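Taken in order, the sequence shown gives residues 1 to 115; the numbers are from our numbering. Okay, so here's the structure we're looking at.
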Amino acid sequence: QVQLVESGGGLVQAGGSLRLSCAAARMIFTIKTMGWYRQAPGKQRALVATITRDGSTNYADSVNGRFTISRDIAKNTVWLQMNSLKSDGTAVYYCNVETWSHVYWGQGTQVTVSS
């Protein structure tokens, strides 16, 4: 099992920005995709953004144009730049790494957006 270590969550006012980071504790080979999901109170975990090994990105409609995902495959690190945060952005954000044979999850980092 590979540990994913997330950081960057916190409290921010609506309209503000946060940058989340996620790094693998040890090298993961053959990464297929890296991504971020979030789980708001009382809701299911949902996709926020993913990025493939070759750099192709996919965003949830609700964050498209405001969030940017980026990665460094060699460092097994993925970031999520979140701008113009809204109150519906309050959630626990989870890092996700998928290889051809495994799926890894981070422990989650809390993001709270105050209105």
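Built from N, CA and C at the ideal position, the CB exists for glycine as well. Remember, predicted model here, so these are calculated numbers, not experimental data.
In terms of Cα proximity to Gly-55, the closest of Leu-47, Phe-29, Thr-68 and Ala-24 is Thr-68. Looking at the DSSP output, Ile-73 bridges to nothing. Note: Asn-96 is bridge-paired with Gly-35 and Trp-105 in the DSSP secondary-structure output.
Taking Glu-98 as the centre and dropping the five residues before and after it, the same chain places the C-beta of Lys-32 and Thr-33 closer than 7 angstroms to its C-beta, in chain order.
Between Leu-4 and Cys-22, the CB-CB gap stays under 7 angstroms. For Thr-57, the enclosing beta strand (DSSP E) stretches over residues 57-59.
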